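Throughout, the numbering used here is defined as the position within the first sequence, counted from one, plus 10. Structure first, then comments.
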Amino acid sequence: MMDMKIKQRSDYTFKYNKKLGRHGWLRLTPAYSVKLVEEIIDNLPEDYFILDPFSGTATTGLVAAEHGISAHCFDINPFLIWLGNSKCINYSYSEIKELKISIDKVIIKCQELVDEDNWLPNIHNIQRWWCEQTLKIIGALRQALVNQFGEPRENHVSSLAWISFCRLIIETSSAAFNHVSMSFHNEVIPFEIEQIESLYLEILEAIIQSAGENISGNSSVHFVDSREPTSIGDFQYSHVVTSPPYPNRISYIRELRPYMYWTKFLDTAREAGELDWKAIGGTWGIATSRLQDWESNGIELPESLKAVVFDILQTKEKNSLLMGNYVWKYFHDMHLHLQNLRPRLKKGAVLSYIVGNSSFYGVQVHTEQLLEDSLRSLGFTNIGSKIVRKRNSKKELFEYCVYATWQETRKYEPAYFNSRAAKQIQLELF
DNA sequence: ATTGCATTAATGCCTCGAGT
DNA sequence: ACTCGAGGCATTAATGCAAT
11 MMDMKIKQRS
21 DYTFKYNKKL
31 GRHGWLRLTP
41 AYSVKLVEEI
51 IDNLPEDYFI
61 LDPFSGTATT
71 GLVAAEHGIS
81 AHCFDINPFL
91 IWLGNSKCIN
101 YSYSEIKELK
111 ISIDKVIIKC
121 QELVDEDNWL
131 PNIHNIQRWW
141 CEQTLKIIGA
151 LRQALVNQFG
161 EPRENHVSSL
171 AWISFCRLII
181 ETSSAAFNHV
191 SMSFHNEVIP
201 FEIEQIESLY
211 LEILEAIIQS
221 AGENISGNSS
231 VHFVDSREPT
241 SIGDFQYSHV
251 VTSPPYPNRI
261 SYIRELRPYM
271 YWTKFLDTAR
281 EAGELDWKAI
291 GGTWGIATSR
301 LQDWESNGIE
311 LPESLKAVVF
321 DILQTKEKNS
331 LLMGNYVWKY
341 FHDMHLHLQN
351 LRPRLKKGAV
361 LSYIVGNSSF
371 YGVQVHTEQL
381 LEDSLRSLGF
391 TNIGSKIVRK
401 RNSKKELFEY
411 CVYATWQETR
421 KYEPAYFNSR
431 AAKQIQLELF
């Protein structure tokens, strides 16, 4: 009987990040922990160059920069690229001073605009999110921000005003934003203009506070599909530190929609579906339809993957074909990513991938093992994985760190996450 | 113009261990 | 006792489009 337990370790989730300055600017549930990244990059010499091919909210890039290390981060979501870069740049005292003056003008302009017909986003059933009164006010505030700064596209001190706006729209909405399966509260609370103004200024003040702290490293986020062989110049990386999407049919766009519609990164439902289809593990709208008849284009995949997909198909549930194809495509895409990653790596480069396992109709999908198999067949060495934490849903769900090296002959094993409890459960499970 | 079927966008339900 | 979650699902609502 096992006497040691794997803990949930909320310090290894986004929760830990909320109070950490820039890391807490905008919450996204599928974000991994600052602490985890710190443990991975701990003690790296400063000339190390990190790649995060699945940047998301740019946790890796920001932690690296805060530690004086440089990183390149890739993502396919234009909103997240904008947000990530805004999180990683420095803001001077004079810029911030100027921003505060501009905001005073924005507030006055908002009061003038509130009775006009301002642009509102094309969000489905928008009155479910905000009542008419609240909508009028945040619509006016948005218009005042546009008049003052333009749409949020540049990485400039005005980004702080826009990130605060994104926080505001969530905090005034009736969305239950505490879960990836986002849904709604029954009541929509109306806000007065004074309440919204003071809430906005409060959020902005906190964001400005943390923006003033200088960071020494250079991190940047770029529009790159990590499955493609494209790269930024001819840089090569010594470390890959990332948390890719998990094979869990959670839609990223589902949670990002409010931000992206209000900032005009999204205009129609169709665009949302197309963007999710581009993402590895995407499931929203048309992505699900396209999975029904999706087939891999002949790339050689590990036998272990075929076995898992076969098991899912064999369950003969209503959507077995869909789920099987979903898993198949997820690992196909991850394999393609690892394959095209190789030319970007320095000799001896170390990979650290934080991933979660899943189960479909009771069939366990051992993400960490399947990725290890891909790494092995692609010529990586020193391959292994360790449990990082237990997830707080089904008991068989964990988060893992999958690690490997590229063209390294020496034995390598990461020093992190090797608690006795983790080793024990690893033995018991497999 | 209307109907009916297919597709896809959007949201809710049920679960259950762990932290507080 | 109460809250919460990188969880999976099914179901419902809205939209598109071909057939009448």
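Cβ coordinates follow ideal geometry from the N, Cα and C atoms, glycine included. The structure displayed is predicted, hence computed values, not measured ones.
Counting pairs of Cβ atoms below 8 angstroms between the stretch 294 to 301 and the stretch 175 to 195, do you hit three or more? no
Cβ neighbour criterion (16 or more within 10 Å) applied to His82: Note on His82: 16 or more other CB atoms within 10 angstroms of its CB, so buried under the neighbour-count rule.
Which one of His166, Leu36, His249 has the shortest CA to CA distance from Glu418? Considering only alpha carbons, the answer is His249.
Starting from Gly222, trace the beta strand (DSSP E) both ways and give me its first and last residue. Note, Gly222: premise wrong, no beta strand (DSSP E); not H, not E.
First through last residue of the beta strand (DSSP E) which encompasses Cys83: Start and end: 80 to 85.
Please report the distance separating the alpha-carbon of Glu238 from that of His77. 29 angstroms
So, using beta-carbon positions, are Val337 and Val375 closer together than 8 angstroms? yes
Using the Cα positions of Leu266 and Val73, report the straight-line distance between them to the nearest angstrom. 22 angstroms
So which of Asn224, Gln324, Trp272, Leu311 has the shortest CA-CA distance to Leu151? Trp272
Does the beta-carbon of Asn87 have 16 or more other beta-carbons within 10 angstroms, so that it is buried, or is it exposed? buried
For Asn402, count neighbouring C-beta atoms within 10 Å of its own C-beta (all shown protein chains included) and say buried if the count is 16 or more, exposed if not. exposed
Per DSSP, which residues does Gly366 bridge with? Please list them. In the DSSP output, where bridge partners are listed per residue, Gly366 has Glu409.
Express the C-alpha separation of Glu142 and Asp127 in angstroms, rounding to a whole number. 12 angstroms
Give me, in chain order, the residues of the same chain whose beta-carbon lies closer than 7 angstroms to that of Ser220; leave out the 5 immediate sequence neighbours on both sides. Around Ser220: Gly31, Arg32.
DSSP-derived helix/strand/coil call for Phe59: In this structure, Phe59 counts as strand in the three-state DSSP scheme.
If you draw a straight line from the C-alpha of Arg138 to the C-alpha of Val373, how long is it? 37 angstroms
Residue closest to Ala442, alpha-carbon to alpha-carbon, out of Ser236, Thr278, Tyr247, Glu310: There is simply no residue 442 to check, as the chain begins at 11 and stops at 440 in what is shown.
How many Å lie between Pro162 and Met192 at the Cα? 25 angstroms
Residue interval of the alpha helix (DSSP H) (run including Asn350): Segment 330 to 351, the alpha helix (DSSP H) holding Asn350.
Quick one: using the 10 Å Cβ neighbour count with 16 as the cut-off for buried, is Asn307 buried or exposed? exposed
According to DSSP, is Arg420 helix, strand or coil? coil
So if DSSP puts Arg399 in a beta bridge, which residue, or which two residues, is it bridged to? Residue pairing for Arg399: DSSP places it in a beta bridge opposite Glu409.
Taking its Cβ as the centre, do 16 or more other Cβ atoms sit within 10 Å of Ser169, making it buried, or is it exposed? Ser169 comes out buried.
Own chain partners of Ile206 with C-beta closer than 8 angstroms, once the 5 adjacent residues on each side are dropped: Around Ile206: Thr144, Ile147, Ile148, Leu151, Leu178, Thr182.
Exposed or buried, what is Trp129 when buried is set at 16 or more other beta-carbons lying within 10 Å of its beta-carbon? Classification for Trp129: exposed.
Strand pairing of Val373, partner residues [DSSP]: In the DSSP assignment, the residues bridged to Val373 are Phe370.
Between the alpha carbons of Lys396 and Glu409, how many angstroms are there, rounded? 9 angstroms
Would Glu378 pass as a contact of Asn367 if the rule is Cβ separation under 8 angstroms? yes
With a CB to CB cut of under 6 angstroms and the five nearest residues on each side skipped, what residues in its chain are close to Tyr422? Setting aside the 5 residues that flank it on each side, Tyr422 is surrounded in the same chain by Asn392, Thr415, each with a C-beta closer than 6 angstroms to its C-beta; the list follows chain order.
Cβ shell of Trp35 (< 7 angstroms), same chain only, five flanking positions each side left out: Excluding sequence neighbours, Trp35 sits near Lys97, Ile173, Ile217.
Assuming Ala279 and His134 are in contact, meaning their beta carbons sit under 8 angstroms apart, how far apart are those beta carbons, in whole angstroms? Sure, about 7 angstroms apart at Cβ, within 8 angstroms.
Endpoints, the beta strand (DSSP E) within which Phe233 is located: 229 to 233
Given a threshold of 16 other Cβ atoms within 10 Å of its Cβ, counted over all protein chains shown, does Asn100 qualify as buried or as exposed? Residue environment for Asn100: exposed (fewer than 16 other C-beta atoms within 10 angstroms of its C-beta).
Alpha-carbon to alpha-carbon, Thr67 and Arg37: About 8 angstroms.
Name the DSSP bridge partner or partners of Ala186? Ser193
Under a Cβ-count criterion, where at least 16 other Cβ atoms within 10 Å of its own Cβ denotes burial, should Ser362 be classed as buried or exposed? Of the residues assessed, Ser362 falls on the buried side of the cut-off, its CB having 16 or more other CB atoms within 10 angstroms.
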